[in-house]
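Chains as they are written, first to last, in the numbering used here: chain A, 5 to 73; chain B, 12 to 492.
The C-beta atom is built at its ideal place from N, Cα and C for all residues, glycine as well.
These numbers were taken from a predicted model, which means no experiment stands behind them.
Some notes on the structure that comes next.
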């Protein structure tokens, strides 16, 4: 039981990484237009990048949560 | 063959195929309340994934993302951001929603509130608020349908006719196919979206040679479009952060999305669908790029929400315009259908069966829900066609309104001491604050009204809960053991 609750806590900590970074990183990232990356303004590239790595982080959280079940 | 005929054949061909698939999905299963509302809770990963994807690709996404990019520029990045962050919230809530619905037989969001807090009145309040905030979204999908089909058919079919044809089909397939039928139309839509998004991605390349050249030109002609506070100067960092927080927390408070989690066949399926959803959201990026392209290509565009369809007509032959139009129609009608079904189920389950007509059997409730599907469709069609601005104010506060369910949802699973009086008072006070900070003192300090509502809701819910009697130990033990 304690193993499950510690896994749930760890899952929570991993899963909140994308919202925390994207919400609280906005003041730093949103003013940056240049350099362009892959032709995109940096702040737009940042959002597209998170569309790619967000699921990787959540997959990690999923593996933590379901490990051993 | 004339170009509008080609496009129309493709658009309505898709609609007919979807209707047939949805009807077949429904008639192959025995009719029951659980089957019609949450597909007997046995939808597989692929189907759940595409039903969630359909929520991303609504009429707003297809029309509004490009329209916002055209009008405001960088503020629309908040939508790309919440396609990531809202699924983190969904990932965390999904196993609880799914587990509780299986354990206690929930089919709607208010079922949880009624049961956990032992209060019919609270369930009715949540159902009533949910319905009030879903109706303007249905209207939005209906109006989006008209815009998409009218432009994609080169004006051969007017908005009213296209809306009527589309929503007659939606009502038929919802009536017969129920939630399972709807889910299968979402799968078809998901496949179509891959094709449409790829075609839209080529528009800025055809127009400017490459994406970098597009943004170089935007930077030289309208640099305000590329950063906050955007082209109109009204969407600063506080607005961005509070709106992203609001959508991250509020997305999974919409009643029709809670049903998505109830319908998954296991907690794992629900979690995995949320985990991988953001990859699908990449398909929304071309729409934003088309919005920026239109800014340079059609700077005098009278209605920026038409940017995607106008661009498609400019760059593609009728066959491809028809495919993109079919994609747009799919986005609008699948979201509209989902919202209509959720509204019908909320009324039949929480206002009738568990509210004013107790003792109604499940099968009778399912029939009532079916009939209500027709009534809700007709009412929202009439409102859309004859009173298009009647629900605009509700739309303004829809997200801020539903996010007021957050304390009740969180405390249901995390805090034994939360009471029906506390949650009820929190929702009422939070909603009043939302109304005040939307219509009287609009978004103070550029912070979204929903966040102000939550700032009032949480302390009220906690304080009143501490002062009032909690639910019975018997009920609490079911949730906390």
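With a 10 Å radius around the Cβ and a threshold of 16 neighbouring Cβ atoms, residue 242 of chain B comes out buried. Its Cα nearest to that of residue 237 of chain B, the residue B:86 stands out among B:86, B:289 and B:150. Neighbours of residue 221 of chain B across chain A, judged by C-beta separation under 7 Å: 43.
Considering only B:111, B:71, B:30 and B:43, the residue with the shortest C-alpha distance to residue 315 of chain B is B:71. Beta-bridge partners assigned by DSSP to residue 41 of chain A: A:44. Judged by DSSP in its simplified three-state form, residue 39 of chain B adopts coil rather than helix or strand. Counting along the chain, the unbroken alpha helix (DSSP H) around residue 98 of chain B starts and ends at 88-115.
Residue 342 of chain B is positioned such that its CB atom lies closer than 9 Å to that of residue 204 of chain B. Within chain B, the residues whose beta carbon sits less than 8 Å from that of residue 52 of chain A are 91, 293 and 296, listed in sequence order.
At least one beta carbon of chain B lies nearer than 9 Å to the beta carbon of residue 37 of chain A.
Annotation for residue 129 of chain B: no alpha helix (DSSP H) segment contains it, and DSSP assigns it neither H nor E. The residue from B:36, B:61, B:319 and B:258 with its alpha-carbon nearest to that of residue 51 of chain B is B:36. With contacts defined as CB atoms closer than 9 Å, residue 412 of chain B and residue 437 of chain B fail to qualify as a contacting pair. Against chain A, the CB of residue 230 of chain B has a partner CB under 9 Å away; the residue lies at that interface. Of all alpha-carbon atoms in B:16, B:428 and B:444, the one lying nearest the alpha-carbon of residue 167 of chain B is that of B:16.
Between residue 113 of chain B and residue 427 of chain B, the alpha-carbon positions lie close to 21 Å from each other. Take residue 188 of chain B, set aside five residues on each side of it, and the residues of its chain with a beta-carbon closer than 7 Å to its own are 33, 34, 36 and 37, in chain order.
If you look at residue 432 of chain B, you'll find it in the alpha helix (DSSP H) that goes 431-446.
A direct Cα-to-Cα measurement between residue 408 of chain B and residue 485 of chain B gives close to 37 Å. The C-beta of residue 48 of chain A comes closer than 9 Å to at least one C-beta of chain B. The three-state secondary structure of residue 312 of chain B, taken from DSSP, is coil.
Listed along chain B are 91, 94, 95, 289, 290, 292, 293 and 296, each with a C-beta nearer than 8 Å to that of residue 55 of chain A.
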